[in-house]
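2 protein chains.
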Amino acid sequence: MRPKNKLKLAKIRDAVVVLAGRGGLVGLSMNEIARKAGIATGTLYVYFAGKEELLRSVYWEIKQATAAAYFHRLDPTLPLKTRLRTIWMNALSHRREHYDEAVFTTQYYQSGLIGEEGRQETHRLFAALFDVLEEGRRHLILKEIDPILTACFLIAPAVEMAALERSGALTLTPQICETAWQLAWDAIKS
Amino acid sequence: MRPKNKLKLAKIRDAVVVLAGRGGLVGLSMNEIARKAGIATGTLYVYFAGKEELLRSVYWEIKQATAAAYFHRLDPTLPLKTRLRTIWMNALSHRREHYDEAVFTTQYYQSGLIGEEGRQETHRLFAALFDVLEEGRRHLILKEIDPILTACFLIAPAVEMAALERSGALTLTPQICETAWQLAWDAIKS
DNA sequence: GCCTAAAATGAATTAATGTTCATTTTGGAA
DNA sequence: TTCCAAAATGAACATTAATTCATTTTAGGC
Numbered sequence: 002m003r004p005k006n007k008l009k010l011a012k013i014r015d016a017v018v019v020l021a022g023r024g025g026l027v028g029l030s031m032n033e034i035a036r037k038a039g040i041a042t043g044t045l046y047v048y049f050a051g052k053e054e055l056l057r058s059v060y061w062e063i064k065q066a067t068a069a070a071y072f073h074r075l076d077p078t079l080p081l082k083t084r085l086r087t088i089w090m091n092a093l094s095h096r097r098e099h100y101d102e103a104v105f106t107t108q109y110y111q112s113g114l115i116g117e118e119g120r121q122e123t124h125r126l127f128a129a130l131f132d133v134l135e136e137g138r139r140h141l142i143l144k145e146i147d148p149i150l151t152a153c154f155l156i157a158p159a160v161e162m163a164a165l166e167r168s169g170a171l172t173l174t175p176q177i178c179e180t181a182w183q184l185a186w187d188a189i190k191s
Numbered sequence: 002m003r004p005k006n007k008l009k010l011a012k013i014r015d016a017v018v019v020l021a022g023r024g025g026l027v028g029l030s031m032n033e034i035a036r037k038a039g040i041a042t043g044t045l046y047v048y049f050a051g052k053e054e055l056l057r058s059v060y061w062e063i064k065q066a067t068a069a070a071y072f073h074r075l076d077p078t079l080p081l082k083t084r085l086r087t088i089w090m091n092a093l094s095h096r097r098e099h100y101d102e103a104v105f106t107t108q109y110y111q112s113g114l115i116g117e118e119g120r121q122e123t124h125r126l127f128a129a130l131f132d133v134l135e136e137g138r139r140h141l142i143l144k145e146i147d148p149i150l151t152a153c154f155l156i157a158p159a160v161e162m163a164a165l166e167r168s169g170a171l172t173l174t175p176q177i178c179e180t181a182w183q184l185a186w187d188a189i190k191s
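These protein sequence lines map, in sequence, to chains A and B.
If you use the numbering used here, the first sequence corresponds to residues 2 to 191, in order.
If you use the numbering used here, the second sequence corresponds to residues 2 to 191, in order.
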């Protein structure tokens, strides 16, 4: 008769993400999560069967949102280079604006909690990127190499840039982001 | 009167690394470490004051070895491009051959255990790389951008390549490594 | 406004994990 | 060979964290 408070789910997710961003998955306790979310520990068990399910749920919520962000405003009629630039800028922006989420998902992915199936599913979420890279290779716009290798040189530096910005080692201006895109493009173009 | 068994230290380190490679820092218990190392839990406390000191010690041992590996056989009389290629290949090889260590150090770095001072010290270990990148920029061999950004595009893809190889998503042959170096070089060259 | 069933609570309980310690083992010195 | 001091052991202990549950609160139906 009494409905679940939708806001609480969001608060729980936020708490997990912020705490993971601070100290990683190590030492992330249900108690801390509840305190940060402003609810009682017992309430966590109204929404989730246990800690593992809670973390799993948060992981997939974030990953789906991240994948959506990568392909946001992607106009399929534009030239391939332009589309790739959009994806790259989306990826960089999303990482910068959701750095804590990235720390959480990276650690969850590397922990034993996810399982092989989960890893596969994670890759499937980003299949659209590989479609574009395949297309670029067919049209000889990109180098003739395994698209997975191309993706390495496209995405990994953007991820690292966001991490370095967070640590204070790198300052990112729109101009520097544009330059960085040039580097990424220089790497993968044929 | 009875000396510590030097071999045990190595076994402890190996146990930590292998277990971390499997399941990350989450759920890495002293009990498990001892079992994997083939010693009693109490013995861990003969060698280390506690879990934190154990992990810290392992972290620095690995990081120092990693930095040394990056700059292994680096002939300062060779041309800059050749020297960078050596560092890049060293980095890739070391990551591939010590993947579990990389998982451990990455997670330790992101956990609250390391502290700001530890992060700074970690960067200092790789200062020689930035020296080379600075030099390349001065001589207009590399793009005129912050060497930290250059380093992003040099190292991050190599790190990701090793991870993808481990997951089975990417096969690395000497030829593919050579091609990948070309991509890295294309990104950073002026 | 009352009733009800589910949400929410947080102290109590259970489970897991880090640390200690009384005891045994062992390598080297006398 | 004997002795000793330190290493090594692993069960016991202490601490911390996950989960449960008796109780209270609350949103919606009557």
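In this text, a Cβ means the ideal position worked out from N, Cα and C, and glycines have one as well.
- Put simply, of A170(A), V133(A) and E122(A) the residue whose alpha carbon is nearest the alpha carbon of I88(A) is V133(A).
- According to the DSSP assignment, L126(A) belongs to the alpha helix (DSSP H) that extends over G116 to L126.
- For K5(A), the three-state secondary structure derived from DSSP is coil.
- Here the alpha carbon of Q108(B) sits roughly 22 Å from the alpha carbon of E54(A).
- Between the segment 29-38 of chain B and the segment 173-183 of chain A, the count of Cβ pairs shorter than 8 Å is below three; the stretches do not touch.
- Three or more Cβ pairs closer than 8 Å define a contact, and the segment 86-106 of chain B meets that threshold against the segment 156-172 of chain B.
- Only residues of its own chain outside the window of five on either side were considered, and among them W182 and W186 have a CB closer than 8 Å to the CB of R86(A), listed in chain order.
- Nearest to R125(B) by alpha-carbon distance, out of A170(A), I146(A), E122(A) and D147(A), is A170(A).
- By the rule that beta-carbons nearer than 8 Å mark a contact, Q111(B) touches chain A.
- Scanning chain A for C-beta atoms nearer than 7 Å to the C-beta of E161(B) yields C153 and A157, reported in chain order.
- With respect to the C-alpha of L143(A), the residue from L81(A), A16(A) and A69(A) having the closest C-alpha is L81(A).
- Residue environment for N91(B): buried (at least 16 other C-beta atoms within 10 angstroms of its C-beta).
- Here S112(A) is buried. Its C-beta has 16 or more other C-beta atoms within 10 Å.
- Under the Cβ distance rule, R120(A) counts among the residues neighbouring chain B, one pair being separated by less than 8 Å.
- Taking the Cβ atoms as the reference, A66(B) lies roughly 27 Å from F154(A), outside the contact range of under 8 Å.
- Your pair K5(B) and Y48(B) checks out as a contact, with CB atoms roughly 7 Å apart and the cut at 8 Å.
- Contact of V27(A) with chain B is assigned, a C-beta pair being separated by under 8 Å.
- If the five residues before and after G22(A) are omitted, its C-beta is found closer than 8 Å to the C-beta atoms of Y100, D101, E102, V104 and F105, all from its own chain and listed in chain order.
- Restricting attention to S168(A), A152(A), K52(A) and T44(A), the CA atom closest to the CA of L8(A) is found in T44(A).
- In the structure shown, K82(A) falls within a helical segment according to DSSP collapsed to helix, strand and coil.
- Classified as buried, L20(B) has 16 or more neighbouring CB atoms from the shown chains inside 10 Å of its CB.
- Under the 10 Å beta carbon count, P148(A) is surrounded by 16 or more other beta carbons and is classified as buried.
- With contacts defined by Cβ atoms closer than 8 Å, A38(B) and A16(B) form a contacting pair.
- Secondary structure at K190(A): strand, using DSSP grouped into helix, strand and coil.
- Between A157(A) and L130(A), the C-beta spacing is not below 8 Å.
- Looking at the backbone, the Cα of T42(A) and that of S30(A) are separated by about 10 Å.
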